[in-house]
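Student: Letter 63 of the sequence shown, counting from 1, is numbered 86 in the working numbering, and no numbers are missing.
Glycine included, C-beta positions come from ideal geometry on N, C-alpha and C.
The model shown is predicted, which means the values in this text are computed figures rather than measured ones.
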Amino acid sequence: MKKSIKDIKDKYDYTLIDCIPSLWLLTINAYRVIVPIRPQFLVAKNLEQLVTNVMLVKKSINLSLYIDGILLTLVDN
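Here it is in structure tokens:
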């Protein structure tokens, strides 16, 4: 998949891939991630762990990996 994305990278500003909320191969090979979360306390605690894990991946496996933002989902009003 990384080769496929590399082949089209110059044609598009963004390539979005929706994947499961974990650090599997798609996330590890990404250049950037946007983290969708529900605005709830327990979810926010999990966000801390996710950010820590992304930073560990960045240091050890993928120097290009950045968190571009947090996207709040399932928000009333």
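1. Tell me whether Asp30 sits in a helix, a strand or coil according to DSSP, three-state version.
2. Answer yes or no: do Val77 and Val56 have a C-beta to C-beta separation smaller than 8 Å?
3. Asn52 and Lys29 look like a contact to me (Cβ under 8 Å); what is the Cβ gap, rounded to whole Å?
4. So, are the CB atoms of Leu88 and Lys81 less than 8 Å apart?
5. Any idea if Thr75 is buried or exposed, counting beta-carbon neighbours within 10 angstroms, 16 or more meaning buried?
6. Put Ile51 into one of helix, strand or coil per three-state DSSP.
7. Can you tell me the Cα-Cα spacing of Asp36 and Asn69, whole angstroms?
Tutor: Per the coordinate set shown:
1. helix
2. yes
3. With 8 Å as the limit, Asn52 and Lys29 do not qualify as a contact, their Cβ atoms being about 10 Å apart.
4. yes
5. exposed
6. helix
7. 30 Å
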